[in-house]
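What follows is one structure encoded as structure tokens, with my remarks underneath.
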Amino acid sequence: MAEPSTIEKGPASISTRSASTSDSLQVAAQAYSWLYMSQMLEKCFQDAEGKAQADLEALQAKIIESETSLADDQARFENERLIQFYEGLQLGDFAEHAPAIMQSFLTHGEDCTKLETEALTIASKADPLGDVKSDGSSDSSDSNEDDSWLDSLRVYDDLLGKLETLLGQATDLETRIERLAVAPPSEVQARGPDEPSQEAGSSSVASPLIQLFTTHLPRILRARKTNIEMALDLVDGAREMWSVNMRMESLGL
1 MAEPSTIEKG PASISTRSAS TSDSLQVAAQ AYSWLYMSQM LEKCFQDAEG
51 KAQADLEALQ AKIIESETSL ADDQARFENE RLIQFYEGLQ LGDFAEHAPA
101 IMQSFLTHGE DCTKLETEAL TIASKADPLG DVKSDGSSDS SDSNEDDSWL
151 DSLRVYDDLL GKLETLLGQA TDLETRIERL AVAPPSEVQA RGPDEPSQEA
201 GSSSVASPLI QLFTTHLPRI LRARKTNIEM ALDLVDGARE MWSVNMRMES
251 LGL
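FYI, UniProt numbering numbers position 85 of the sequence shown as 85, with every residue one higher than the one before it.
The structure is reproduced here in structure tokens:
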């Protein structure tokens with residue numbers, strides 16, 4: 001009874017082994033396909049990256065070359081503009097009179113600051129020769145009363161005279177700047193009829209300086225004149241108040 005059982009199991013065992021071998025071949029085939037596809041994709045990526053890197057390096061070299069050329073052009077342009085700038089300063093009377101006007105303008109500003117401060121100081125005192133005390137009296141000298149009165153009056157008058165001089169100087173500076181603001185003379189007489197004119201280029205380069213003298217300085221001078229006029233009114237009012245106080249003291253009031 002054991003032999004028939006053994007004969008029945010033989011074909012089933014062979015069929016099982018065949019199915020297992022077939023499954024292994026299918027798995028191997030699928031794995032190989034995925035491996036091949038992965039390798040091909042990786043190679044494509046590497047080729048694309050290499051090409052992109054080569055293009056990037058070529059573009060970088062081109063940009064460096066262009067920047068070098070632009071830097072040379074920029075340096076040449078700046079040098080040409082600098083030359084035109086100095087040429088522009090030599091047009092007309094600008095180079096001759098502008099430095100003196102600027103120096104006068106700066107000196108006038110320093111004098112304005114000094115005298116305006118002095119005007120505020122004197123206007124805050126009951127007597128220009130002494131500080132105001134808490135009781136309203138002043139620290140004037142104990143010399144002759146008439147001499148002290150004249151000295152105090154002279155302080156006011158001297159300061160008013162200095163402020164009037166500053167006001168006149170501001171007006172004079174405005175006049176000098178207006179004369180300087182005229183356009184530079186034509187170069188037609190100095191060049192031949194066929195030679196190219198450089199007046200336009202030089203004028204365009206010098207225009208910032210000309211604008212400084214024609215626009216900004218007059219505006220500052222107008223503000224200074226306003227401040228000087230206010231200082232004059234302040235000192236004149238302080239002088240009038242001091243005179244009234246002296247009259248009242250002389251009358252014993």
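For each residue, glycine too, the CB sits at the ideal point set by N, CA and C.
Local Cβ density within 10 Å of residue i, reported as buried at 16 or more and exposed below that
i	result
Y156	buried
Q103	exposed
A2	Because the pLDDT of A2 is 47, which lies under 50, any placement of that residue in the model is unreliable, and the number read from its coordinates should be weighed accordingly. By the 10 Å Cβ count, A2 comes out exposed.
Q60	exposed
L41	exposed
L24	A quick correction: the sequence has Ser, not Leu, at residue 24. Looking at its Cβ environment, which holds fewer than 16 other Cβ atoms inside 10 Å, S24 is exposed.
A170	buried
S250	exposed
R191	Legend: pLDDT at R191 = 45, less than 50; position of this residue unreliable, value from coordinates given subsequently. It counts as exposed.
I63	exposed
Assumed close pair residue i, residue j - CB separation to whole angstroms, cut-off 8 Å
i	j	result
F105	L217	6 Å
L173	L221	6 Å
Beta-carbon gap between residue i and residue j smaller than 9 Å
i	j	result
A123	V244	no
L150	L232	no
H108	R219	no
Closest Cα partner of residue i within the set the options
i	options	result
N227	E249, T165, C112	C112
S242	P128, D172, L209, E229	For the record, residue 242 in the displayed sequence is Trp; it is not Ser. Answer by Cα proximity: P128.
I210	L173, A61, A98, S38	A98
residue 259	R247, G252, A238, M248	The requested residue 259 does not occur in the structure, where the chain is confined to residues 1 to 253.
L120	L56, R247, M37, L159	L159
T214	E116, S250, G168, I101	I101
F94	L212, R247, G252	L212
M246	S148, E116, C44	S148
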